[in-house]
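Engineer: When the letters of the sequence shown are read in order and numbered with the numbering used here, they come out as residues 22 to 467. For glycine and all other residues, C-beta sits at the position ideal for the given N, C-alpha and C. Because the structure is a prediction, the values reported are computed rather than measured.
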Amino acid sequence: MRLSRYFLPVLKENPAEAQIVSHRLMLRAGMIKQAQAGIYSWLPLGHKVLRNIEKIVNEEQVRAGHIPMLMPTLQSADLWRESGRYDDYGEEMLRITDRHGRDMLYGPTNEELITDIFRSHVSSYKDLPLTLYHIQWKFRDEIRPRFGVMRGREFLMKDGYNFDVTKEDALHAYNRHLVSYLRTYERMGLQAIPMRADGGPIGGDYTHEFLVLAETGESEVFYDSEITDLKFGDRDIDYDDVAQCQAVLEEFTSRYARTDETHDQALFDKVPEARRRTARGIEVGQIFYFGTKYSEALGATVQTADGKQVPVHMGSHGIGVSRLLGAIIEASHDDKGIIWPEGVTPFHCGIVNLKQGDEDADGACEELYASLTALGLEPLYDDRNERAGGKFATMDLIGLPWRITVGPRGLRNGVVELTSRRTGESEELPPEQAVAKVAAIYGKTA
Ligand code: 5CA
C-alpha cells in the first residue's frame with residue numbers, strides 16, 4: 022500500500038475522551054472512530070488488525086478440530102424465553118420490535134441459538150463430539166462503555182459451543198479450548214493467564230477467564246508469580262488426546278490464579294509470600310462448562326449407544342476479538358506509539374523515502390516495494406511529499422515492527438537502513454539483504 026493513496030487519518034493531538042493508552046493510540050493512529058457511545062467504525066488500519074486477529078483465532082480453532090459457521094446478530098426473543106434468559110439477562114440486552122410487533126434482540130451471546138440448531142439436526146451420540154463456533158458482532162448495552170474497544174457495546178467475539186454425550190467428554194472439550202486459547206494468544210504476542218472465575222449470566226461453576234496483566238485492566242487478579250514463567254511455545258499437541266490436553270490444563274491452572282470474584286484469601290495465603298501477586302488484568306477470553314443447563318431447557322437430547330435419551334453436556338468458549346486490539350496495545354507500546362507484534366501487524370514493514378522526487382530514492386523504494394510484495398508481504402510505503410521527521414513519527418505511531426529507510430546518501434554507498442520498532446536498533450544493509458531479512462522474520466524465503 023502506498024500511503025499517498027491510503028486512508029490513514031492520524032491525529033496530531035491527544036483526544037481528550039481517551040483515558041487509557043490503547044484507546045488514545047487507536048484514535049491517534051486512525052484505526053477507529055466512535056460512531057456512538059461504545060460503538061465504533063473500524064477504519065482501514067484498525068480493520069486490518071481486526072482481520073489479522075480473526076485469522077489467528079480461526080486458524081487455531083480449526084486446528085483444534087472446531088467447525089466455523091455464522092449465526093445472525095438478531096435473534097428471536099421466543100428462543101430466549103425458552104431458556105428463561107429473556108427476562109434474566111436484564112438491561113444489558115438490546116430489545117427490538119419488528120414491524121409485525123415481534124420481539125427480537127441483538128444477540129449478546131448465542132447459547133440459545135446454537136442449541137436450537139443442534140436440537141433441529143442432531144439426535145444421535147454418533148454425531149458427537151461436536152464443537153461449532155463463529156466470529157460475530159455482539160451487543161451488550163453496557164451501562165458504562167469505556168476505554169474504546171475494551172468495553173464496547175457492540176463488539177466482535179469468537180464464541181464456540183461444544184456438544185458432548187458425557188460430562189467427561191465435555192471436560193475434554195473444555196481442555197481443548199484452553200490449549201487452543203494458550204496458542205492463540207501467544208501467536209498475538211500476548212501472555213494471557215487462565216484464572217478461575219465466576220460464571221455470571223452464562224452460568225456454570227467451572228470456568229476460567231484468560232487475563233492479560235495490565236495496569237489499566239478492569240479486573241483485579243491474585244496469582245502465584247510462578248505462573249508468569251509458563252510458556253506454551255511451539256508444542257505439538259494432539260487435540261484428540263485427552264491426557265495431553267488434561268496435562269496442559271493442569272500445568273497452566275495448578276498454581277493459584279483467580280479473579281476477585283472467586284478470590285480465596287486463605288488459599289492465597291498458602292502461596293509463599295514472595296510469590297504472591299495482586300495486579301490488574303484485561304479479560305480477553307473465557308471458557309465455561311455448564312453441563313445440561315441449556316440442553317435441558319431447550320430439549321437438546323441425543324440417543325446414547327444403549328438407546329437412552331440424554332440431554333447433551335455443553336460449554337461455551339469466548340474470545341474478545343475486538344477487545345484484543347486494545348489488550349495488545351496496552352501490552353505493547355512506548356511513548357511514540359504502538360509496537361505491533363509481527364503476528365498481527367497491519368503491514369509487515371514500512372518503507373520511508375527520505376527524499377521523495379529523487380530519482381534514485383524513488384527507484385529504490387519502488388524496487389523494495391515490488392520485491393517485498395512478490396514475496397507475499399505487505400509493505401506500507403510512505404511516498405508522501407513530507408519531511409522525514411513527520412514520516413518517522415507516523416511510522417512510529419502506527420507501530421509497524423520493521424521500517425526500511427531509503428535516502429540518496431545511503432544509496433550512494435549501496436545501503437538502506439533497517440530499523441526495529443521494538444528496540445530502535447538500525448542496521449545498514451544492501452536493499453536485497455534488507456528484503457531477505459524482513460522476509461525471514463515472517464517465515465518467507467527470498
Ligand atoms: N457465551 C460466552 C462464551 S462464548 C460469553 O459470552 N462469554 S463472555 O461473556 O465471557 O464473553 C467472551 C469475551 O468477550 C470476554 O472474555 C471478553 O474478552 C469479551 N467481551 C465481553 N464483553 C465485552 C465488551 N463489552 N466489549 C468488548 N469485549 C467484550
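#1: At which residues does the beta strand (DSSP E) containing Tyr244 begin and terminate?
#2: Can you find the residues in the same chain that come closer than 7 Å, C-beta to C-beta, to Val292, ignoring five residues on each side of it along the sequence?
#3: DSSP state of Asp259, grouped into three classes?
#4: Do His198 and Ile53 count as a contact pair if the criterion is CB distance below 7 Å?
#5: In whole angstroms, give me the CA-to-CA distance for Glu446 and Val305.
#6: For Val333, which of Glu387, Leu46, Lys188 and Ala85 has the nearest alpha-carbon?
#7: Using DSSP bridges, identify the partner residues of Leu2.
#8: Could you tell me the distance, in whole angstroms, from the CA atom of Pro451 to the CA atom of Glu75?
#9: Should Phe28 be labelled buried (16 or more other beta-carbon atoms within 10 Å of its own) or exposed?
#10: Here's the rule I'm using: 16 or more other beta-carbon atoms within 10 Å means buried, otherwise exposed. How should Glu294 be labelled?
#11: Per DSSP, Trp158 is paired with what?
#12: Confirm, please, whether the CB-CB distance from Val342 to Cys386 is below 7 Å.
#13: If we call anything under 7 Å between Cβ atoms a contact, is Ser353 one with Val456?
#14: Are Glu195 and Tyr310 touching if we call contact CB-CB under 7 Å?
#15: Per DSSP, Ala278 forms a beta bridge with which residues?
#16: State yes or no: is the C-beta of Phe273 within less than 7 Å of the C-beta of Pro215?
#17: My parser needs the beta strand (DSSP E) runs of 3 or more residues fully inside the region 381-447; what are they?
#18: At which residues does the beta strand (DSSP E) containing Lys54 begin and terminate?
#19: Look at the alpha carbon of Ile350 and the alpha carbon of Leu32, and state the distance between them as a whole number of angstroms.
#20: Provide the residue span of the alpha helix (DSSP H) that contains Trp101, from first to last.
#21: Any chance the CB of Phe176 is under 6 Å from a heavy atom of the ligand NAD?
#22: Return yes when the C-beta of Ile135 is under 6 Å from any heavy atom of the ligand 5CA, and no when it is not.
Structural biologist: Once the coordinates are examined:
#1: Here residue 244 refers to the residue found at position 223 of the sequence shown. Ser240 to Asp245 is the span of the beta strand (DSSP E), which, as asked, contains Tyr244.
#2: Sequence index remark: in the sequence shown, residue 292 carries index 271 (1-based). Beyond the five residues adjoining it in sequence on each side, Val292 comes within less than 7 Å, by CB distance, of Asp245 and Tyr277 in the same chain, given in chain order.
#3: Along the sequence shown, read from residue 1 onward, the residue named residue 259 stands at position 238. The answer is coil: DSSP assigns Asp259 none of H, G, I, E or B.
#4: Stepping through the sequence shown from its first residue, residue 53 is reached at position 32. Stepping through the sequence shown from its first residue, residue 198 is reached at position 177. No, these two residues do not count as a Cβ contact at 7 Å.
#5: In the sequence shown, the residue the question calls residue 446 occupies position 425. In the sequence shown, the residue the question calls residue 305 occupies position 284. Each residue's Cα considered, the two are about 31 Å apart.
#6: The sequence position of residue 333 within the sequence shown is 312, counting from 1. Val333 has its Cα closest to that of Lys188, out of Glu387, Leu46, Lys188 and Ala85.
#7: There is no way to answer for residue 2, as the model of the chain reaches only from 22 to 467.
#8: What you label residue 451 is simply residue 430 of the sequence shown in a count that begins at 1. What you label residue 75 is simply residue 54 of the sequence shown in a count that begins at 1. C-alpha separation (whole angstroms): 36 Å.
#9: Here residue 28 corresponds to residue number 7 of the sequence shown, with the count starting at 1. When all chains shown are included, Phe28 counts as exposed.
#10: Taking the first residue of the sequence shown as position 1, residue 294 is located at position 273. It counts as exposed.
#11: Within the sequence shown, the letter at position 137 stands for residue 158. Answer is Leu177, bridged to Trp158.
#12: Against the sequence shown, residue 386 aligns to sequence position 365. Against the sequence shown, residue 342 aligns to sequence position 321. In this structure, Val342 does not lie closer than 7 Å to Cys386 by Cβ.
#13: Within the sequence shown, residue 353 is the residue found at index 332, counting from 1. Within the sequence shown, residue 456 is the residue found at index 435, counting from 1. For Ser353 and Val456, no; Cβs fall outside 7 Å.
#14: Here residue 195 refers to the residue found at position 174 of the sequence shown. Here residue 310 refers to the residue found at position 289 of the sequence shown. Before going further, note that residue 195 is Tyr rather than Glu in the sequence given. Taking 7 Å as the Cβ cut-off, Tyr195 and Tyr310 qualify as a contacting pair.
#15: Sequence index remark: in the sequence shown, residue 278 carries index 257 (1-based). Paired residues: Tyr244.
#16: Position 252 of the sequence shown holds residue 273. Position 194 of the sequence shown holds residue 215. Yes, these two residues count as a Cβ contact at 7 Å.
#17: 400-403, 423-427 and 437-441
#18: The residue you call residue 54 lines up with position 33 of the sequence shown. That run of the beta strand (DSSP E) goes Ile53 to Gln57.
#19: Taking the first residue of the sequence shown as position 1, residue 350 is located at position 329. Taking the first residue of the sequence shown as position 1, residue 32 is located at position 11. Annotation: Ile350 to Leu32 spans about 17 Å, alpha carbon to alpha carbon.
#20: As a working note, residue 101 is residue 80 in the sequence shown. Looking at the DSSP string, the run of the alpha helix (DSSP H) that includes Trp101 is Ala98 to Ser104.
#21: Ligands displayed in this structure: the ligand 5CA; the ligand NAD is not among them.
#22: If you number the sequence shown from 1, residue 135 lands on position 114. It does not: the Cβ of Ile135 is nowhere closer than 6 Å to a heavy atom of the ligand 5CA.
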